[in-house]
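One structure is given here, and the rest of the page talks about it.
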Amino acid sequence: MKPAAFAYAKARSLDHAIELLGRHDGQARVLAGGQSLIATLNMRLDAPDLLVDINRVAGLDCIARRNGYIEIGALVRHAAAERSDVIRREAPLIARAMPHIGHPAIRNRGTVGGSIALADPAAELPACLLALGGEVEIAGAQGRRTVAADAFFKGLFDTALGSGDVLTAIRVPAAAPATRTGFAEFSRRHGDYALVGLAASATAEGRSLRDVRLAYFGVGATAVRARQAEAALIGTGLDAAVAALEQDLAPEDDVQANAAVKRQLAGVLLRRVAAQLTEQSA
Amino acid sequence: MSAPVVDIAVTVNGELVRETVEARKTLVDFLREDLGLTGSHVGCEHGVCGACTVRLDGVVVRGCLTLAAQCDGARVETIEGVSDSGEIADLQDAFHKRNALQCGYCTPGMLLTAQELLASGAAPSRAAIREHLSGNYCRCTGYQAIVDAVESVARARGKA
């Protein structure tokens, strides 16, 4: 289908974008890569008055190490993140996830900030941000603020972003030598949204792990931490962690798989990802 | 109320084009309807099938998930452009020889996507070729002949 009519404005700066958004009182949308937004408009699931194109706003496409964090600007394309040496070295979980995001043509255009701001429950990057204990930088009419990943994702496609806000960057702690990461997902076809996926980080201590963070996606309204499984993985072991998923996860049936299948797959993923976490320790 | 419009200047296959387009017009509709470049096809219109694949500033994108308004100042190349320049003549030849198409609807998108993989200079495995083309649907061939064609060109270019 074709989208309903809307006006289009090229933001000259971050302030200009925020001003345009404010003037349209919830009826404007931020256009970055557009790989989800334009599909949504084409299907007429949304019909805003105005698109505010931030692609020409300077300074939003940097990948840099700053104060022990890796900062990824909102306009960094997935393809640029995939090629980045800084991300491969210092945010390896994101590097592991990248090839699973859409297809080459989607990754050439889609942005890291857009994926986080949309917060699709089956998307890879929100789960990575959660697993890494990262944070989100937001600019709005009231100034700038930082929101931790644990507080950013609120519900189905619902985040801490207000209708007048622009997500400007995400930050994740730079990997230390003892940092371990794991990533795996099941999808029907390479590049499709996941049926179930798991992003994980941990710190190795001798042969064991601490600070385990397991973030599942595709099993609820948002990416979710499996906190009891995290504790079990540190304490009692892998079988107990897989069993703990029964309490941690409450997947519902959807068109792709029913809840029982998702539960089963979640356990399989935990075994695979746990192997990745400990392989790196050896 | 008439729909909002935007003035754009965009270089399409090496030629500068100035047009006034509706803000909501997608790049692929602009190419087909305003410029008559009907080699780029419209399939699903939500980024799944890859029939609308074109190059924007040197990289392949979905023509249905990019607005024409966003292409002001950009460089766009379509299947017509890369065909005429001879850039993918060997790939087109291989598709022909190996029957890597039947109806041809997906072929322009397949060729542009495959060319991006081949131009990266890698010697891709069959699995890597399949993965790279996973965002381009073909409902006729079953993909086997397409992978054969891309693999044969990768080998031939590697030797050249």
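Chains as they are written, first to last, in the working numbering: chain A, -13 to 268; chain B, 21 to 180.
Think of the CB as a built atom: it goes at the ideal place given N, C-alpha and C, for glycine as much as any other residue.
So residue i packs on residue j, CB below 8 Å; how close in whole Å?
{"i": "R166 of chain A", "j": "A188 of chain A", "result": "5 Å"}
{"i": "N33 of chain B", "j": "T98 of chain B", "result": "6 Å"}
{"i": "E136 of chain B", "j": "P85 of chain A", "result": "That belief does not hold up - the Cβ atoms of E136 of chain B and P85 of chain A are roughly 15 Å apart, past 8 Å."}
{"i": "A201 of chain A", "j": "R211 of chain A", "result": "6 Å"}
{"i": "G83 of chain B", "j": "L47 of chain B", "result": "5 Å"}
{"i": "L181 of chain A", "j": "A125 of chain A", "result": "The pair is not a contact, with the Cβ atoms about 35 Å apart (cut-off 8 Å)."}
{"i": "L132 of chain B", "j": "V80 of chain B", "result": "5 Å"}
{"i": "G20 of chain A", "j": "R95 of chain A", "result": "7 Å"}
{"i": "A114 of chain B", "j": "A169 of chain B", "result": "4 Å"}
{"i": "R75 of chain A", "j": "A170 of chain A", "result": "Not quite, the Cβ-Cβ distance comes to about 21 Å (not below 8 Å), so this is no contact."}
Report yes if the CB atom of residue i is closer than 9 Å to the CB atom of residue j, and no otherwise.
{"i": "R15 of chain A", "j": "L0 of chain A", "result": "no"}
{"i": "I4 of chain A", "j": "D151 of chain A", "result": "yes"}
{"i": "L27 of chain A", "j": "A77 of chain A", "result": "no"}
{"i": "G99 of chain A", "j": "A44 of chain A", "result": "no"}
{"i": "I73 of chain A", "j": "I156 of chain A", "result": "no"}
{"i": "A92 of chain B", "j": "V167 of chain B", "result": "Before going on, a small fix: residue 92 of chain B reads as Asp here, not Ala. Contact: no."}
{"i": "A144 of chain B", "j": "E171 of chain B", "result": "Looking at the sequence itself, residue 144 of chain B is Pro, so the reference to Ala does not match. Going by C-beta atoms, P144 of chain B is nearer than 9 Å to E171 of chain B."}
{"i": "K(-12) of chain A", "j": "E65 of chain B", "result": "yes"}
{"i": "L231 of chain A", "j": "G204 of chain A", "result": "no"}
{"i": "L111 of chain B", "j": "R95 of chain B", "result": "no"}
{"i": "I40 of chain A", "j": "A67 of chain A", "result": "no"}
{"i": "L115 of chain A", "j": "V62 of chain A", "result": "no"}
{"i": "Y(-6) of chain A", "j": "A160 of chain A", "result": "no"}
{"i": "I92 of chain A", "j": "G129 of chain B", "result": "no"}
{"i": "G88 of chain A", "j": "G155 of chain B", "result": "yes"}
{"i": "A134 of chain B", "j": "A142 of chain B", "result": "no"}
{"i": "V179 of chain A", "j": "A227 of chain A", "result": "In the sequence as displayed, the identity of residue 179 of chain A is Tyr instead of Val. Cβ atoms of Y179 of chain A and A227 of chain A: not closer than 9 Å."}
{"i": "S70 of chain A", "j": "I49 of chain A", "result": "yes"}
{"i": "F(-8) of chain A", "j": "A25 of chain A", "result": "no"}
{"i": "V37 of chain B", "j": "S60 of chain B", "result": "no"}
{"i": "L138 of chain B", "j": "A180 of chain B", "result": "no"}
Would you kindly report the start and end of the unbroken beta strand (DSSP E) that includes residue i?
{"i": "R130 of chain A", "result": "G129 to A134"}
{"i": "D197 of chain A", "result": "S194 to F203"}
{"i": "A274 of chain A", "result": "This structure cannot settle anything about residue 274 of chain A, because the visible part of chain A is limited to -13 through 268."}
{"i": "G168 of chain A", "result": "T165 to F172"}
{"i": "G34 of chain B", "result": "From DSSP, G34 of chain B is part of no beta strand (DSSP E); its letter is neither H nor E."}
{"i": "I156 of chain A", "result": "V152 to P159"}
{"i": "R82 of chain B", "result": "V79 to R82"}
{"i": "E100 of chain B", "result": "Taken as a continuous stretch (DSSP letters only), E100 of chain B belongs to no beta strand (DSSP E), being part of the alpha helix (DSSP H) at I99 to D104."}
{"i": "I40 of chain A", "result": "Segment: none, I40 of chain A is in no beta strand (DSSP E) and carries neither H nor E."}
{"i": "R150 of chain B", "result": "Run containing R150 of chain B: none in the beta strand (DSSP E); it sits in the alpha helix (DSSP H), R146 to H152."}
{"i": "G70 of chain B", "result": "Where G70 of chain B is concerned, there is no enclosing beta strand (DSSP E), given that its DSSP letter is neither H nor E."}
{"i": "Y(-6) of chain A", "result": "A(-7) to K(-4)"}
{"i": "F139 of chain A", "result": "F139 to G141"}
What first and last residue would you give for the alpha helix (DSSP H) that runs through residue i?
{"i": "L23 of chain A", "result": "L23 to N28"}
{"i": "F50 of chain B", "result": "Premise fails: F50 of chain B is in no alpha helix (DSSP H) and is neither H nor E."}
{"i": "L116 of chain A", "result": "E110 to A117"}
{"i": "R9 of chain A", "result": "L0 to R9"}
{"i": "A246 of chain A", "result": "A245 to E265"}
{"i": "A227 of chain A", "result": "L224 to D234"}
{"i": "V170 of chain B", "result": "Q164 to K179"}
{"i": "E121 of chain A", "result": "Not the alpha helix (DSSP H): E121 of chain A falls in the beta strand (DSSP E), residues E121 to G126."}
{"i": "L184 of chain A", "result": "Looking at the DSSP string, L184 of chain A is not in any alpha helix (DSSP H); the run it does join, the beta strand (DSSP E), is V182 to E191."}
{"i": "G100 of chain A", "result": "V98 to L104"}
Run through chain C and tell me which residues come within less than 8 Å of residue i, C-beta to C-beta.
{"i": "R175 of chain A", "result": "In the structure shown, chain C cannot be found, because the protein chains are A and B."}
Could you run through the segment 73 to 89 of chain A and flag, in chain order, every residue whose CB is less than 9 Å away from some CB of chain B? P85, G88 and H89
Output needed in chain order: residues of the segment 37 to 64 of chain B with a Cβ under 8 Å from some Cβ in chain A. E42, A43, R44, T46 and D49
Write down every uninterrupted run of the beta strand (DSSP E) in the segment 46 to 93 of chain A whose length is 3 residues or greater and which is fully enclosed by it, in chain order. 49 to 52 and 55 to 59
Contact set between the segment 110 to 140 of chain A and chain B, restricted to residues whose Cβ is under 9 Å from the partner: none
Against chain B: residues of the segment 13 to 35 of chain A by CB proximity under 9 Å: L17, G19, G20, Q21, S22, L23, I24, A25, T26, L27, N28 and M29
Any C-beta of chain A within less than 9 Å: which residues of the segment 78 to 92 of chain B qualify? V79, V80, V81, R82, C84, L85, T86, L87, A89, Q90 and D92
Residues, ordered as in the chain, of the segment 142 to 166 of chain A that lie near chain B by beta-carbon distance below 9 Å: none
Selection of the segment 37 to 64 of chain A by Cβ proximity to chain B, strictly under 8 Å: L37, D39 and N41
Mind checking the segment 132 to 157 of chain B against chain A and listing, in chain order, the residues whose C-beta falls within less than 9 Å of any C-beta there? L132, T133, E136, L137, R150, E151, H152, L153, S154, G155 and N156
As an exercise, report each continuous alpha helix (DSSP H) stretch of at least 4 residues that is fully enclosed by the segment 107 to 131 of chain B, in chain order. 109 to 117
What are the residues in the segment 103 to 120 of chain B lying within 8 Å of chain A by C-beta distance? none
The segment 165 to 176 of chain B: positions lying closer than 8 Å to chain A by Cβ: none
Chain-ordered residues of the segment 0 to 13 of chain A with a beta carbon less than 7 Å from chain B: none
Taking Cβ-Cβ distances below 8 Å as the criterion, which residues of the segment 90 to 105 of chain A are in contact with chain B? P90, A91, I92, N94 and R95
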